[in-house]
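One gets our numbering by counting positions in the sequence shown from 1 and adding 57 to each. Ideal Cβ placement from N, Cα and C applies to all residues, glycine included.
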Amino acid sequence: MLRILNFRIGNRLYSLKAAKKDAKKYTDTINLPKTKFPNRLTAAKREEQERLVLENKIAVSYQHQEQRLAEKGPPTFVLHDGPPYANGQLHMGHAVNKILKDITLRQRVAHGQQVNYIPGWDCHGLPIELKATSTAPGQNALEIRQKSRAFALEAIKSQKEEFRSWGILANWQKDDIYMTIQPEFIVNQLQMFHNLYERGLVYRDLKPVYWSPSSRTALAEAELEYDPNHISPSVYLRFALNPNGLNVEAKDKQIYALVWTTTPWTLPSNQAICYNASLEYVLVRLSDHNHPDELYLIASALLAVFEANTQLKCEIVQNVSGNSLSNFTYKHPIDKEQSNLPFFDASHVQDSKGTGLVHTAPAHGPEDFLVSLTKKIPVKCLVNEDGNYTKEAPNFLRGQSVLEQGNPLVLEHIAKDVVHSAKLEHSYPIDWRTKQPVIIRASDQWFINTEKLKAPASEALESVEIYPSSNAEASKKALLTQLQKRPYWCISRQRAWGVPIPVLYSRQTGKVVINSALIEHLCNLLRQEGSMDFWWTKSVEEMVPPNILSELGYETKDLVKGSDILDIWFDSGSTWSAVLKKDKIADLYLEGYDQFTGWFQSSLLMSIAARGCAPYKAVFVHGFTVDEKGYKMSKSLGNVISPKQITKKYGTDALRWWVASHGTQHMSITVSDKLLQQAAENLSKIRGTLRYLNGVIGEKQSNEQLLKTSDKSFLNRYLLSQLVEFESEVENLYKGYEYNRVVACVQNFLANQVSAIYVHLIKDRLYCGDDQELLAIRQTLTHCYQQLCKSLWPIVPFLVEESWSYYDATGAAFHEQSVRAKPEWQDTKATELVNAALDVKRLINQQAGEVNTWHLAVTIKGRKGSQLELLLELHPTLGETLRNSELCELLQVGSVTLIQSDDNELDIAITTLQTSLCPRCRRFSLDEDCELETCQRCSAIMNVKH
Ligand SMILES: [Zn+2]
């Protein structure tokens, strides 16, 4: 415990007037930091400077690390790029993603590890196809493909330029990128499709899709329009029930389930009734109905609506809990053969409309289809491509159009079961081209067998590291949940802009025709032609040579080409296989949390399917950008800030600093002028410190010259020791992907250890000391400068390279992967001594207030074996007043006297010296009896210099 017992302040403060008068003539003898590194840049200069760094340093740094670090240090770190969509302008989400990746790669390089990163683009898919076709509808597949390709390539060109401008480390010079339209990429994909098909992991099955009978094709959601005035029948029907397990008073009464539908044409395909076990149901008697013995089942919450819609009065006979419906069965309304169809509990059944009992036809509704998947009931489709009933349909419907005669014919056939019929005007999907109504119809689609893959995929995920670690458990759980929740993966699309599913079908039977010779032949054609356009332009005869046909056992006239393309998630799910080298396992995938259901999952499933392991060792999950009020950025809200605006206003490094500061710790990443302004201000401070260090250390010296000084200063040893800790802390934070904490750690180190302590306390020695002292400071600060550059380079490479060019005009910061703090710099003693002095200094400053502390004479009394021992190391004599000990320098006082006492606590006494200070250094007093104009130290130094 330190305590100041006596504090006396002198009766007059020394005037500096006399010293000021002569100060000017000593300016040349003072070693002031000098550098041409500018303090700040105008926007125009900054742009020019960024261009210089990009062209001269960043452009070559990827190859440099590839050559220089190859086979040295640890194994190559592979970050596999999740391909952005080749569509539109880059937004803040792209900036967060690419810059986080870049910081990750750069920090590895800064620690001597070679990295592998090949930027990629996802090029196929509906959004591009829609843009390409929006100007000229009615184009054929080849025209659509050509326009889409041109559109994607144009988008890639502009996106690539912007990524590059952000300083993203990649081999841009050799244009080493991947695109899902590259022939070799597609070759890999076709082979993968065939491999999975052969192994039964890819199969063909029915699935309901929007189908346009008028254009005889499946439609994507984006191709639907809605007719708000479409008229449909609105019908309450009854299905005869077998109420197994239900205790009904009069056993002979007939009981019916009431269902409501607007698509009676789907009734022939009915396979189940869905209910919701959490709802309450009632059995009612219809009071004005002709059959008093009949009871009707309906959800109690919907009874009033039913009465209002049908004008029927109901009398509740009995309550039935939703739970008890599971044993019920019913008779098919049309097909009398099916007399025991099931009831299924399903959460999509709600009490907001209908009867709480839903007619379920898996071929004609997405929710119905999901029920069929979980309950394993067949998808029965009785409607063909033209929207007509097939020959499997009941006699009275065969060949009829479902949209025209379907509803009236069905209703007529089951007239006695129609409880009430009306018309409903509602919004109904129509084909965007023909403007005709569409239906939902099951058609043959291609699937990946996710059921077989879920268990091994979940198991593989167990050993994948998830970052940020603070959120790892929740992220892993989300990934697993999404994986388990996935009901199926349909990989076929009825579009033109994509990779064709490389399959022929028997014209007669529809059977799939494929073999490895066919796939290999298609791959060769693709390599020759550069694209898969031939799939659309060549006939089967032109495409498949006779030897392969005979191997397949078909003649050309018996075969038709498939017209489906692969889902783009099949494209991007296969990138690991097409792009990665060696074992094709990435060290890291780094994407936003939306990829839980996207790329993280599709890549995992495809890798498990192809070879039984995950394609990544670790996954980093980042969040999404929002405005300062927490709203998602959108054009309609007018709150969009683009990366371009930011780099223009604040500079690229400010964008990167903002990403590092805010991109890793929260799932909502706020973009605001305030935060970006803050980033720019932080960088301006860092620039100031680097500039100061540039000024002190000057240009790069040869190592030999640096090593010459054997330095005994505790303050220098203190800073070196701090560097060891700083380096290991930064390294650990980088390794844990805690870039926000790296930012805080660097700022803290600069503000405290470097600026407030070291640079502040060495000023006298630096400006006015002898050459040895100066060399020792330069040596210490050079280590500090290199260490700072190394820790800042991953985040703000533009600033670091700019500063470095004033230190080493011919080199570059990225050359310095070998910079390491030496373990022997760790110096407990120096740290302890300097900290003890700083404790005393704090107390002196508290009491001395605003006075110039160089005027102070300090006497410190303490007991042997206490802090006095530490101070004695810095001030080697007891009882003697010294002006030039390191303790004087650390305390920044004119003199110190250490005295041994019996008191347990330190006693610090301060007096003000009445002497003049040296006009050169303004530290030492001028000796009154001496004729020298400057202090002895300064006089001696000037004698040596001149
Ligand atoms: Zn002096």
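In this structure, does DSSP put residue i in helix, strand or coil?
i	result
residue 651	helix
residue 912	helix
residue 168	coil
residue 601	coil
residue 461	helix
residue 850	coil
residue 938	strand
residue 923	coil
residue 872	helix
residue 249	helix
residue 70	Because residue 70 sits at a pLDDT of 31, beneath the cut-off of 50, its placement in the model cannot be relied upon, and the following sentence gives the value as read from the coordinates. In this structure, residue 70 counts as coil in the three-state DSSP scheme.
residue 223	coil
residue 767	coil
residue 756	coil
residue 280	helix
residue 87	coil
residue 78	Since pLDDT at residue 78 reaches only 46, below the 50 mark, its modelled position is unreliable, and the value read off the structure follows with that caveat. Three-state result, residue 78: helix.
residue 799	helix
residue 402	strand
residue 780	helix
residue 388	coil
residue 337	strand
Please return the same chain residues whose Cβ sits closer than 8 Å to the Cβ of residue i, not counting the five positions on each side in sequence.
i	result
residue 518	533, 536, 537, 540, 661 and 671
residue 367	293, 476 and 477
residue 362	410
residue 103	708
residue 201	186, 189, 190, 553 and 554
Beta-carbon within less than 7 Å of residue i's beta-carbon, same chain only, minus the 5 sequence neighbours each way: which residues are those?
i	result
residue 887	771, 774, 775 and 778
residue 837	773, 776 and 777
residue 927	889, 890 and 893
residue 544	427 and 430
Kindly give me the distance between the Cβ atoms of residue i and residue j, rounded to whole angstroms, as I take these residues to be in contact under 8 Å.
i	j	result
residue 315	residue 476	7 Å
residue 328	residue 458	Contact doesn't hold; Cβ gap of about 22 Å is too wide.
residue 510	residue 666	6 Å
residue 319	residue 481	6 Å
residue 491	residue 272	6 Å
residue 781	residue 848	With 8 Å as the limit, residue 781 and residue 848 do not qualify as a contact, their Cβ atoms being about 13 Å apart.
residue 236	residue 317	That pair is no contact at about 50 Å.
residue 628	residue 564	Incorrect: roughly 29 Å between the Cβ atoms, too far for contact.
residue 232	residue 175	With a Cβ gap of about 11 Å, residue 232 and residue 175 do not count as contacting.
Below 6 Å CB to CB, which residues in the same chain sit around residue i once its five sequence neighbours on both sides are set aside?
i	result
residue 914	951, 952, 968 and 970
residue 238	180
residue 498	268 and 440
residue 415	331 and 406
residue 916	954 and 966
Counting Cβ pairs, one atom from each stretch, are 3 or more of them under 8 Å apart for the stretch 163 to 172 and the stretch 672 to 692?
-> no
Does the stretch 587 to 602 come within contact of the stretch 635 to 648, defined as at least 3 CB pairs closer than 8 Å?
-> no
Counting Cβ pairs closer than 8 Å, one from the stretch 629 to 636 and one from the stretch 596 to 615, do we hit at least three?
-> no
Which ranges would you report for the beta strand (DSSP E) in the stretch 413 to 452 if only whole runs of at least 3 residues count?
-> 415 to 417
Entirely enclosed beta strand (DSSP E) segments - the stretch 678 to 745, minimum 3 residues | 681 to 683 and 725 to 727
Decide if the stretch 692 to 701 is in contact with the stretch 139 to 152; the criterion is three or more beta carbon pairs, one per stretch, under 8 Å apart.
-> yes
For the stretch 242 to 259 and the stretch 432 to 446, state whether three or more C-beta atom pairs, one from each stretch, are separated by less than 8 Å.
-> no
Count the C-beta pairs between the stretch 703 to 712 and the stretch 809 to 824 that are closer than 8 Å, then say yes if the count reaches three, no if not.
-> no
Do the stretch 367 to 375 and the stretch 337 to 350 meet, that is, are 3 or more Cβ pairs less than 8 Å apart?
-> yes
If you pair each beta-carbon of the stretch 151 to 160 with each one of the stretch 217 to 224, do three or more pairs fall below 8 Å?
-> yes
Start-end ranges of the beta strand (DSSP E) lying completely within the stretch 471 to 547, minimum 3 residues = 475 to 488, 496 to 505 and 522 to 524
Do the stretch 795 to 803 and the stretch 712 to 723 make contact, defined as three or more Cβ pairs closer than 8 Å?
-> yes
Along the chain, which unbroken stretches of the beta strand (DSSP E) at least 3 residues long are found entirely within the stretch 124 to 154?
-> 134 to 137
Is it true that the stretch 970 to 985 meets the stretch 852 to 860, where meeting means three or more beta-carbon pairs spaced less than 8 Å apart?
-> no
For the stretch 557 to 640, which segments carrying the beta strand (DSSP E) assignment without a break, of at least 3 residues, lie completely within its bounds, in sequence order?
-> 561 to 563 and 616 to 618
Just checking, does the stretch 863 to 878 make contact with the stretch 800 to 817 on the three C-beta pairs under 8 Å criterion?
-> no
Taking only runs that begin and end inside the stretch 814 to 865, name each unbroken alpha helix (DSSP H) of 4 or more residues, in chain order.
-> 817 to 825, 828 to 849 and 854 to 864
Give a yes or no on contact between the stretch 832 to 846 and the stretch 559 to 577, applying the rule of three or more CB pairs nearer than 8 Å.
-> no
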